[in-house]
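Residue numbering for the sequence shown follows my numbering, starting at 2 and increasing by one per position.
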Amino acid sequence: MDLDYMDRALFLAERGRGRTSPNPMVGAVIVSTDGVIVGQGFHEQAGGAHAEAHALEMAGARARGATLYCTLEPCSHYGRTSPCAPRLVEAGIARVVAAIRDPDPRVDGRGFAYLRARGVHLDIGLREAAAAQLNQGFFTLMREHRPFVTLKAATSLDGKIASGPGHRTTLTSAAANRHAHSVRAEVDAIGVGVGTILADDPLLTPRGVYRSRPLVRVVFDRRLRMPPDARLLSTREAGPVIILTTAVGAARTDVRGRLEQAGAEIEVARDGTFAAALERLGARQIGSLLLEGGAAMHAAAWDEGLVDYVRLYITSRVLGPEGVPLLDGRALSTAELVERRVEALGPDTVIEGYVHRTR
């Protein structure tokens, strides 16, 4: 029965997808001593009530002596809301079954310690892997101080992403495009290299799907080559545009001034590595990054071992030897992806999976 109730909590937590960042998705279920669910809830949006608070409100007096099933360690610190652990004790919760410890340094075992010291029985680790996978962006941000990175690309049947260097090449079908935009609706940020801006002049907005919060658009531009009249800067109502550059790029004060006047936010990384750029995004509490290209940006992330997940939209077109290959000369075998998933999207196919197991 513990597994059933925890699975219910995980199902509830999933309902917050795309709305809770930089907070984690969390679900909670309260079960009375006679096995009846008397309260349940999930964290609905950043800044709102936590899952435990929703469940306690529903349970009322029936929470006394009951068991709480929660997908993450209850917090014990004051943030934008009051802490959950003291409320559980006050409500008379006798047992807490938690999937995983919260890596946030403000929590990180303190919630469990608070409950244990006040006589609440704890069972920790049920469905731990599922709970970690649910919140990969949050866990990566807390543990590695960077976003969880998904490499996304559309490729021809012969593994090319464009017909030639700097050529704008449309490959995917309407069905694949709808899928890609649904993914954009869930992540914290989309990232591209400045070469993509110069070649395609994209908007980088989610279209045809609902998104409840602004979408951060990131341009990796070491030398600050982005034009101030790029279409991206005309869509700031959709979310901020961040240009990640280096000291060399930032030294171009005239260009920087025009970009800032056009609405761009300039972040200066400590050096030209992809890791340094991700540090700046982590400092801004960006937990998930959809890296959409181009070839140089994908290669930089791959070479530094900072790609966590791969999502490839494979089309039936063949671009031939003049085409630009994905990760030229680098080993990427989709057959070796962890928890590999394949799905048909109209005439196209999406293949996706983890580069490594959930850490």
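Even glycine gets a Cβ: it sits at the ideal position worked out from N, Cα and C.
Straight-line Cα distance separating residue j from residue i
{"i": "alanine 278", "j": "asparagine 136", "result": "22 Å"}
{"i": "alanine 336", "j": "isoleucine 352", "result": "9 Å"}
{"i": "glutamate 15", "j": "threonine 350", "result": "25 Å"}
{"i": "valine 308", "j": "valine 150", "result": "5 Å"}
{"i": "glutamate 74", "j": "alanine 200", "result": "46 Å"}
{"i": "tyrosine 355", "j": "valine 339", "result": "5 Å"}
{"i": "phenylalanine 221", "j": "cysteine 71", "result": "38 Å"}
{"i": "alanine 270", "j": "histidine 357", "result": "26 Å"}
{"i": "arginine 318", "j": "glycine 347", "result": "14 Å"}
{"i": "alanine 175", "j": "threonine 82", "result": "42 Å"}
{"i": "glycine 214", "j": "histidine 78", "result": "Looking at the sequence itself, residue 214 is arginine, so the reference to glycine does not match. Cα to Cα, the separation comes out at about 26 Å."}
{"i": "glycine 40", "j": "alanine 50", "result": "14 Å"}
{"i": "isoleucine 287", "j": "aspartate 35", "result": "43 Å"}
{"i": "valine 97", "j": "alanine 263", "result": "51 Å"}
Terminal residues of the beta strand (DSSP E) in which residue i lies
{"i": "glutamate 353", "result": "349-355"}
{"i": "histidine 55", "result": "Not the beta strand (DSSP E): histidine 55 falls in the alpha helix (DSSP H), residues 52-60."}
{"i": "alanine 266", "result": "The sequence given here has glutamate at residue 266, not alanine. Counting along the chain, the beta strand (DSSP E) containing glutamate 266 begins and ends at 266-269."}
{"i": "glutamate 340", "result": "339-346"}
{"i": "leucine 313", "result": "310-315"}
{"i": "alanine 332", "result": "Taken as a continuous stretch (DSSP letters only), alanine 332 belongs to no beta strand (DSSP E), as it is neither H nor E."}
{"i": "alanine 163", "result": "161-163"}
{"i": "valine 32", "result": "28-32"}
Residue i, enclosing alpha helix (DSSP H) - first and last residue
{"i": "glutamine 262", "result": "254-262"}
{"i": "tyrosine 211", "result": "Looking at the DSSP string, tyrosine 211 is not in any alpha helix (DSSP H), and its letter there is neither H nor E."}
{"i": "valine 195", "result": "195-201"}
{"i": "glycine 42", "result": "Counting along the chain, glycine 42 falls outside any alpha helix (DSSP H), though it belongs to the beta strand (DSSP E) covering 38-43."}
{"i": "alanine 251", "result": "248-251"}
Three-way DSSP call (helix, strand, coil) for residue i in this model
{"i": "threonine 156", "result": "strand"}
{"i": "leucine 135", "result": "helix"}
{"i": "isoleucine 377", "result": "Lying before the first or after the last residue shown, residue 377 is absent from the chain, which here runs from 2 to 360."}
{"i": "histidine 180", "result": "helix"}
{"i": "leucine 13", "result": "helix"}
{"i": "glutamate 293", "result": "strand"}
{"i": "alanine 277", "result": "helix"}
{"i": "arginine 218", "result": "strand"}
{"i": "alanine 47", "result": "coil"}
{"i": "leucine 245", "result": "strand"}
{"i": "alanine 239", "result": "helix"}
beta-carbon residue i near the ligand COA non-hydrogen atom, thresh 7 Å
{"i": "glycine 126", "result": "For the structure depicted, the ligand COA is absent and the ligand set is empty, with no information on it obtainable."}
Under 8 Å: do the stretch 257-269 and the stretch 116-132 share three or more Cβ pairs, one atom per stretch? By the Cβ criterion, the stretch 257-269 is not in contact with the stretch 116-132, since fewer than three pairs of Cβ atoms, one from each stretch, lie closer than 8 Å.
Where in the stretch 61-142 do unbroken runs of the alpha helix (DSSP H), each at least 4 residues long, occur, reported from the N-terminal end onward? Taking only runs of at least 4 residues, the alpha helix (DSSP H) segments lying wholly in the stretch 61-142 are 85-92, 111-118 and 129-135.
Looking at C-beta atoms only, is the number of pairs between the stretch 109-116 and the stretch 76-89 that lie closer than 8 Å three or more? Yes: the two stretches touch, three or more of their Cβ pairs being nearer than 8 Å.
Could you check whether the stretch 175-191 touches the stretch 318-332, counting it as contact only if at least three pairs of C-beta atoms, one from each stretch, sit closer than 8 Å? A contact is defined here as three or more CB-CB pairs under 8 Å, and the stretch 175-191 fails this definition with respect to the stretch 318-332.
Segment contact flag, the stretch 99-111 with the stretch 241-251, C-beta cutoff 8 Å, min 3 pairs: The stretch 99-111 is not in contact with the stretch 241-251.
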